[in-house]
Amino acid sequence: MSLLYTRAMLVPPGIAVAPEARDSIDEALALSEGLVPFQAEQVIGVARVAFDQAFTGVVGTAALMLIAVALDVRRMLAGQEGAKDKGSSERRVDGCRG
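Numbering-wise (our numbering), the sequence shown opens with residue 84 and increments by one.
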């Protein structure tokens, strides 16, 4: 079975899909209510796959961005270690030690 490629998702041939249904899983599910069961299953399946792929892409991108930020923060903090006071690690507080 060949699928016709549209902007946001692949739609089975012979099914007229409103442009809103291509951009929203809710619209695609609402559209499927007016279709015959076979076509409705196809539209729902395609909409879910498109949603899953988009969700995976967003989560993957966010994870990569968090890793990049964490590495950058680590690099910046490692650069500050050289600026630390190289004096004694013991601090003398007046009145506490004699």
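Even glycine gets a Cβ: it sits at the ideal position worked out from N, Cα and C. Because the structure is a prediction, the values reported are computed rather than measured.
Check whether Ala113 and Ala130 have beta carbons under 8 Å apart: no
Backbone CA spacing between Gly128 and Glu116 [nearest angstrom]: 13 Å
Distance, Val156 Cα to Gly140 Cα: 24 Å
Which of helix, strand or coil DSSP assigns to Leu118: coil
Alpha carbon of Ala151 to alpha carbon of Asp135, nearest angstrom: 24 Å
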